[in-house]
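In order, the protein sequences belong to chains A and B. Going by numbering that gives the first Met the number 0, the first residue of the first sequence is number 0, and it counts up by one from there. Going by numbering that gives the first Met the number 0, the first residue of the second sequence is number 0, and it counts up by one from there. Here a beta-carbon is modelled for each residue, glycine too, at the ideal position from N, C-alpha and C. Note that this is a predicted model, so its numbers are computed, not measured. Step one of this worksheet: look at the structure below.
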Amino acid sequence: MSVQHYQASQFKRQASESLADQQLRQNFRGAMDYLQKKRKDAFSDEDELAQLRLHAENIRQRCLSKLPQLLEQLEQNCQANGIQVHWAEDTRQAQQLIADLIQQAGGKKVVKGKSMVTEEIELNHHLESLGIECVESDMGEYIVQLAEETPSHIIMPAIHKNKQQVADLFLEHIKDFNYTLSVDKLIQTGREALRNKFKQADVGISGVNFAVAETGTLCLVENEGNGRMTTTVPPLHIAVTGIEKVVEHLSDVPPLFSILTRSATGQHITTYFNMISGPRRSPERDGPQQVHLVLLDNGRSQAYADDVLRKTLQCIRCGACMNHCPVYTRVGGHAYGTTYPGPIGKIISPHLQGLEQTSDLVTASSLCGACEEVCPVNIPIPSLLQRLRHDAKMPAESGISSLKGQASAASFSEHNAWRFWAWLSTHPKIYHLATRMVLTLARYIPLPMGAWTRCRSKPELASQSFHQQMKQRANKGASL
Amino acid sequence: MNQVGLRMYPSKPSKVYFYATCLLDVLDPNGGLAAIELLEREGIEVIWVEKQSCCGQPAYTSGYQDQAKTVALSQMALFPNNYPVVVMSGSCAGMMFKHYADLFAASEHAEKAQAFSQRVFEFSEFLARVCRANLTDTGEASSVVLHTSCSGRREMGIHTSSEALLAQLDNVELKQAAYDTECCGFGGSFALRHAEISQAMVEDKASHLKLSGADYLVSADWGCLANINGHLAYRGEASMFKGQHLASFLLKRTKPASEAKA
Numbered sequence: 000m001s002v003q004h005y006q007a008s009q010f011k012r013q014a015s016e017s018l019a020d021q022q023l024r025q026n027f028r029g030a031m032d033y034l035q036k037k038r039k040d041a042f043s044d045e046d047e048l049a050q051l052r053l054h055a056e057n058i059r060q061r062c063l064s065k066l067p068q069l070l071e072q073l074e075q076n077c078q079a080n081g082i083q084v085h086w087a088e089d090t091r092q093a094q095q096l097i098a099d100l101i102q103q104a105g106g107k108k109v110v111k112g113k114s115m116v117t118e119e120i121e122l123n124h125h126l127e128s129l130g131i132e133c134v135e136s137d138m139g140e141y142i143v144q145l146a147e148e149t150p151s152h153i154i155m156p157a158i159h160k161n162k163q164q165v166a167d168l169f170l171e172h173i174k175d176f177n178y179t180l181s182v183d184k185l186i187q188t189g190r191e192a193l194r195n196k197f198k199q200a201d202v203g204i205s206g207v208n209f210a211v212a213e214t215g216t217l218c219l220v221e222n223e224g225n226g227r228m229t230t231t232v233p234p235l236h237i238a239v240t241g242i243e244k245v246v247e248h249l250s251d252v253p254p255l256f257s258i259l260t261r262s263a264t265g266q267h268i269t270t271y272f273n274m275i276s277g278p279r280r281s282p283e284r285d286g287p288q289q290v291h292l293v294l295l296d297n298g299r300s301q302a303y304a305d306d307v308l309r310k311t312l313q314c315i316r317c318g319a320c321m322n323h324c325p326v327y328t329r330v331g332g333h334a335y336g337t338t339y340p341g342p343i344g345k346i347i348s349p350h351l352q353g354l355e356q357t358s359d360l361v362t363a364s365s366l367c368g369a370c371e372e373v374c375p376v377n378i379p380i381p382s383l384l385q386r387l388r389h390d391a392k393m394p395a396e397s398g399i400s401s402l403k404g405q406a407s408a409a410s411f412s413e414h415n416a417w418r419f420w421a422w423l424s425t426h427p428k429i430y431h432l433a434t435r436m437v438l439t440l441a442r443y444i445p446l447p448m449g450a451w452t453r454c455r456s457k458p459e460l461a462s463q464s465f466h467q468q469m470k471q472r473a474n475k476g477a478s479l
Numbered sequence: 000m001n002q003v004g005l006r007m008y009p010s011k012p013s014k015v016y017f018y019a020t021c022l023l024d025v026l027d028p029n030g031g032l033a034a035i036e037l038l039e040r041e042g043i044e045v046i047w048v049e050k051q052s053c054c055g056q057p058a059y060t061s062g063y064q065d066q067a068k069t070v071a072l073s074q075m076a077l078f079p080n081n082y083p084v085v086v087m088s089g090s091c092a093g094m095m096f097k098h099y100a101d102l103f104a105a106s107e108h109a110e111k112a113q114a115f116s117q118r119v120f121e122f123s124e125f126l127a128r129v130c131r132a133n134l135t136d137t138g139e140a141s142s143v144v145l146h147t148s149c150s151g152r153r154e155m156g157i158h159t160s161s162e163a164l165l166a167q168l169d170n171v172e173l174k175q176a177a178y179d180t181e182c183c184g185f186g187g188s189f190a191l192r193h194a195e196i197s198q199a200m201v202e203d204k205a206s207h208l209k210l211s212g213a214d215y216l217v218s219a220d221w222g223c224l225a226n227i228n229g230h231l232a233y234r235g236e237a238s239m240f241k242g243q244h245l246a247s248f249l250l251k252r253t254k255p256a257s258e259a260k261a
């Protein structure tokens, strides 16, 4: 199956296409308005919210500060529970590792719970190339898979589609579907199709929301019950997660879980919360016979190595930053060409893919700060974007390691232009002379305004600058 | 000292420095003059330092931190005395209040930048919270819609100070625009680098502001105003509904009726 492919390096073109798609823009605006309101209603008390965010931020920072030890502790405790732990440095290793586990067990049919990390490593695509069927069991993911697309949102993968579009898709792909626009009936249709897949599957693959080091427990947050089915029905369960998802204590989970669901969908708690602590034990009669955990790095350790950029890894994947982003709301998730779209995608993708591919993403923000304002773990996204803008243009400062693709967007002429600007701004006499010249010249010669005038008239410049007028005022005062 | 939000405000000083900003300098000198008049009316001596240019924000947001530092240092040196620095834009004020400290963190200038940033106030913030100005409306009944810059709102937390000043005008109805907390799409070089996205944002912003039904549009930030006004003019809608600086609006409304020419 060939999935429609978007690329981060093609962001501008993809964004342009999205902007021209009025249906897509309506779908996103409507959905983001809804999610913003849900979140707002879930946090009615501003002071309480500030405390919860600070608490969640502190937990994430503490866990990250001990990440290497916690990962080792997690491995030991998982193994003690009978969960086999594997490490993958990059996409290729993870793909191979997971495929090997499936093939060793003779697996042919896989059901997958919702997992952005498996999107990151393009697992479906890889398994299908080996003749292994891999069906998404989350309703949104299932819709996206039928449409041969990728998720456009990390929490709501099919948010770019409205019910008509989903009904059309079901009509095309699901046998005996009675066309309907009733959302309940559409969901029922999808659930029935999936129910059969659960019965047949010999492997279940899931993500992980929190991996608890002190107990070796994998926590999975979901609403549809598909996560429970995926991780309990098939005889083999493989959980895949990024190395940053580890938390130290079991008691770290409730505050993170609570702020995650409220930030994401405005729910105080999700319908399902799974805590997986190993394969079935004698004399249990159900549950998987084998449980594996794959821990993926894939560029995360680059972010980890930098004191400032490490904050990127605090993310608990709630999606609130995209729900509140004016850019995401207008271009949608696919335009980014990355697994993680929106503000969090702009700061994490440079570590996964390198700055060479993602330099247009880090500039695609007005730095309005709406993302930082709602982030449940206080990631300073605009500051990190600014840092990455610097890293895309300039070599690393001494004592700081280079990032993948460091200075790949360096421009000699742009650098010189800023040097000249800095020189001008620190030479007031020439600066004000230049200002005066521009104001005078603009009366006679049209100023080159580039992209500014594609939707704006030229600015009306003052006939005399404030500086000139204040000087005259001062001179008058002096002569009195 | 009085506390509003997270910031402690000093009592009204006798002297302030005035920071006009580079955009106001060429786009709206009258807004600057109006602000000075309002401050002088509060009994404050306004000191204008001729050598000021730009706060350094354009280079900073473009990733050229060295150039931003050079300019920031030169600007800080222009305001040596311990007077408040009143800045005519939320975005530039945000740069000087929040990012100067970030730029020079762990450097030899850290302490200086930190101390300087504490003296920085955006104009409406200063008038409302430090001067605690009492305004008497002398104008005709009308309505106004306010656009607050993202930096003013999120970096400075001062979106309420412009509202508080406008609320003092008895004959002015403050209208609310839909999506009033959303960015107008300016973002400095963002408007040029990602012109199509910026366009989608300013189109929506201008529409929402107009749909508020207000007679006048005001803002305390010339970055946003240049963007919104430019787009309104492009649509041919600027003649009736052109954004003006809050200071100009306040001065016109509160001048004795004989002098007012709104």
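Excluding its 5 nearest sequence neighbours in each direction, Asp390(A) has C-beta neighbours in its own chain below 7 Å: Leu354, Leu402, Gln405, listed in chain order. Here the alpha carbon of Lys196(A) sits roughly 38 Å from the alpha carbon of Leu63(A). Boundaries of the alpha helix (DSSP H) harbouring Ile346(A): 341 to 352, taken from the DSSP string. Look at Thr269(A) here: in three-state DSSP terms it is coil, with no helix or strand label. Judged by DSSP secondary structure, Phe120(B) falls within the beta strand (DSSP E) whose first and last residues are 119 to 121.
The contact set of Ala30(A) on chain B, defined by CB atoms closer than 8 Å, is empty, because the minimum CB distance reaches about 15 Å. The beta carbon of Val330(A) sits closer than 8 Å to some beta carbon of chain B. DSSP, reduced to helix, strand and coil, places Phe17(B) within a strand of the structure shown. Around the beta carbon of Glu118(A), a 10 Å sphere encloses 16 or more other beta carbons of the protein chains shown; the residue is thus reported as buried.
Among the residues of chain A, none has a CB under 8 Å from the CB of Gln113(B); the nearest is roughly 17 Å distant. In terms of Cα proximity to His54(A), the closest of Gln467(A), Ser250(A), Ala104(A) is Ser250(A). Residues of chain B whose Cβ lies closer than 8 Å to the Cβ of His389(A) are, in chain order, Gly62, Tyr63, Gln64. The C-beta of Lys470(A) comes closer than 8 Å to at least one C-beta of chain B.
In the three-state reduction of the DSSP assignment, Phe185(B) falls in the coil class, being assigned neither a helical nor a strand state. Under DSSP, Ser142(B) forms a beta bridge with Glu172(B).
Within its own chain, the residues whose Cβ lies closer than 8 Å to the Cβ of Gly187(B), once the five positions on either side in sequence are excluded, are Gln56, Pro57, Thr60, Ser61, Gly222, listed in chain order. In the DSSP assignment, Arg386(A) falls within the alpha helix (DSSP H) that extends over 380 to 392.
Cβ atoms of Ile242(A) and Asp296(A) come within 8 Å of each other, at about 6 Å. In the DSSP secondary-structure assignment, Thr216(A) is bridged to Val211(A).
For Leu292(A), no alpha helix (DSSP H) encloses it; the enclosing beta strand (DSSP E) starts and ends at 289 to 295.
By the beta-carbon neighbour count (other beta carbons within 10 angstroms, threshold 16), Ala263(A) is buried. DSSP, read as helix, strand or coil, puts His54(A) in helix. In the structure shown, Met274(A) falls within a strand segment according to DSSP collapsed to helix, strand and coil.
Contact note: Ser262(A) does not reach chain B at a C-beta cutoff of 8 Å; the least C-beta distance is about 17 Å.
Along the stretch 45 to 70 of chain B, the alpha helix (DSSP H) occurs as fully enclosed runs of 4 or more residues at 56 to 61, listed in sequence order. Closest in C-alpha terms to Ser364(A), from the list Val85(B), Thr159(B), Ile196(B), Lys204(B), comes Ile196(B).
Ala19(B) and Gly31(B) do touch by the CB rule: their CB atoms are close to 5 Å apart, below 8 Å. The Cβ-Cβ distance between Gly215(A) and Ala79(A) falls below 8 Å. DSSP places Ala87(A) within a strand segment (E or B) once states are collapsed to three. If you draw a 10 Å sphere on the C-beta of Ala112(B), you find 16 or more other C-beta atoms in it, and that means buried. Within the stretch 118 to 181 of chain A, the complete alpha helix (DSSP H) segments at least 4 residues long are 122 to 128, 138 to 145, 162 to 172, listed from N- to C-terminus. Not a single unbroken stretch of the beta strand (DSSP E) spanning 3 or more residues falls wholly within the stretch 304 to 329 of chain A. Here Lys107(A) carries a coil assignment [DSSP, helix/strand/coil]. Excluding its 5 nearest sequence neighbours in each direction, Gln164(A) has no C-beta neighbour in its own chain below 6 Å. With at least 16 other beta carbons inside 10 angstroms of its own, Thr337(A) counts as buried. Interface with chain B (8 Å Cβ-Cβ cutoff): Cys367(A) is included.
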